[in-house]
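All remarks here apply to the structure that follows.
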């Protein structure tokens, strides 16, 4: 018979059916049908939190929006625009808004709305009151140092002032140019009127000398109907100074023309040539003697004529018109010679009266 080995474990005891019953009971419990009652009262904060809980649909939408934002981040431009918008909104907000943090801090330091900031005026009469509003925030967009913006603004202001002055100068120059051109046109027009009045006066004078009718000759006729245009043989000193200059200019032009013609014909026809076969009577009959006297007057000095030519065109024309009215009863503006000094029918002595 074999002996039991000391290394062999003793036989295990059979399980106790009593101890296995509670485990079987635990496995048999139905937790789905169990109810739990919380007897602890809910606080107000817990109630508010419970009310704010999201529903499943709201939670899904929120998560979807967050995922879309993460999938499409804002660009630098959009971020910069958003930042600028927020900054503008903040700068546009009044610093004296009672709801702002700055105003609340100033109120704690003793500031009251409507009072001036800073040190009050001295008792010596200085009216330097403090600021009514805090110093505003000025954004610096550049990297220039302090004072650079002021220098830049000064240069811009000077450029603007120079541009404005230049525009004003151009406008003034344009106005002066237009005024100068207008005066030049008026001057040329008056010079033409002066030449016309001189021609009328000369025709009337020469017509009286030729017809021998006196002052009443040629009544009711225009100046073109009296006298004719021909070279005068009267010395310049005996011609009225009012039209002496016109006669002198015409005689100078005629002499130059005659000398060019004689030069082309022959040397014997020059004014300085003396024909030995011609006697004094022939020279008088041909009018050469009077012509020589006129030629000598053209080269001489005439102080009276120089004094008249020094007058302005307005005064020259006025003297000529007045002479025609007083001497010949002729209205230069009507272009008509009246029968007496009354000149009945003439509206006036000036050009404006005849408009």
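In my numbering, the protein residues as written are 107 to 461.
Where a beta carbon is used, it is the ideal one built from N, C-alpha and C, also for glycine.
Q) Grouping DSSP H, G and I as helix and E and B as strand, with all else coil, what is residue 444? A) The residue given as residue 444 occupies position 338 in the chain shown. Note: residue 444 maps to coil in three-state DSSP.
Q | Spatial distance of residue 446 from residue 435 (CA atoms) | A | Translated into the one-based positions of the chain shown, residue 446 becomes position 340. Translated into the one-based positions of the chain shown, residue 435 becomes position 329. The alpha-carbon atoms of residue 446 and residue 435 are separated by roughly 6 Å.
Q) Among 241, 306, 255, which one has its Cα closest to the Cα of residue 247? A) As a first step, residue 247 must be located in the chain shown, where it is residue number 141. Of the candidates 241, 306, 255, the one whose C-alpha sits nearest the C-alpha of residue 247 is 255.
Q.
Using the three-state DSSP reduction, which class does residue 369 fall into: helix, strand or coil?
A. On the chain shown, residue 369 is found 263 positions in, with the first residue counted as 1. Reduced to three states, the DSSP call for residue 369 is helix.
Q | Inter-residue Cα distance where the pair is residue 458 and residue 431 | A | As a first step, residue 458 is located in the chain shown; it is residue number 352 there, counting from the start. As a first step, residue 431 is located in the chain shown; it is residue number 325 there, counting from the start. So the alpha carbons of these two residues sit roughly 16 Å apart.
Q. Among the residues of its own chain, which have a CB less than 6 Å from the CB of residue 221, if the five just before and after it don't count?
A. By 1-based counting over the chain shown, the position of residue 221 is 115. There are no such residues.
Q: Can you tell me which of the three DSSP states residue 436 falls into?
A: As a position in the chain shown, residue 436 is number 330, starting the count at 1. Strand, per DSSP.
Q. How is residue 423 classed by DSSP in three states: helix, strand or coil?
A. To locate residue 423, count along the chain shown from 1; it is residue 317. Residue 423 falls in the helix class under three-state DSSP.
Q: Give the DSSP-derived three-state secondary structure of residue 237 in the structure shown.
A: The residue labelled residue 237 in the question sits at position 131 within the chain shown. Three-state DSSP puts residue 237 in a strand.
Q.
For residue 237 and residue 253, I'd like the C-alpha separation in whole angstroms.
A. Mapped onto the chain shown, residue 237 falls at position 131. Mapped onto the chain shown, residue 253 falls at position 147. Answer to the nearest angstrom: the Cα atoms are 23 Å apart.
Q.
On the CB-based measure, 16 or more other CB atoms within 10 Å of its CB, does residue 171 come out buried or exposed?
A. For the purposes of this step, residue 171 is identified with residue 65 of the chain shown, where counting begins at 1. With fewer than 16 Cβ atoms within 10 Å of its Cβ, residue 171 is classed as exposed.
Q | Rounded separation between residue 349 and residue 293 - CA only | A | Locating residue 349 in the chain shown gives position 243, where the first residue counts as 1. Locating residue 293 in the chain shown gives position 187, where the first residue counts as 1. Their backbone Cα atoms lie some 18 Å apart in a straight line.
Q. How many angstroms separate the CA atom of residue 415 from the CA atom of residue 301?
A. Walking along the chain shown from the start, residue 415 turns up at place 309. Walking along the chain shown from the start, residue 301 turns up at place 195. C-alpha separation (whole angstroms): 13 Å.
(Q) For the alpha helix (DSSP H) containing residue 244, name the first residue and the last one. (A) Here residue 244 refers to the residue found at position 138 when the chain shown is read from its first residue. From DSSP, residue 244 is part of no alpha helix (DSSP H); its letter is neither H nor E.
Q.
Contact defined as beta carbons within less than 8 Å: I believe residue 423 pairs with residue 299. What is the distance between those atoms, to the nearest angstrom?
A. Counted from its first residue, the chain shown places residue 423 at position 317. Counted from its first residue, the chain shown places residue 299 at position 193. Residue 423 to residue 299, Cβ: 6 Å. Contact.
(Q) Judging by CA-CA distance, which residue of 281, 276, 345 is the nearest neighbour of residue 310? (A) Start at 1 with the first residue of the chain shown, and residue 310 comes out as number 204. Selected option, being the one with the closest Cα: 345.
Q: Confirm, please, whether the CB-CB distance from residue 426 to residue 352 is below 8 Å.
A: Locating residue 352 in the chain shown gives position 246, where the first residue counts as 1. Locating residue 426 in the chain shown gives position 320, where the first residue counts as 1. Contact flag unset, no.
(Q) Please state the DSSP three-state secondary structure of residue 197. (A) Here residue 197 is taken as the residue at index 91 of the chain shown, counted from 1. Of the three classes helix, strand and coil, the one that applies to residue 197 here is helix, per DSSP.
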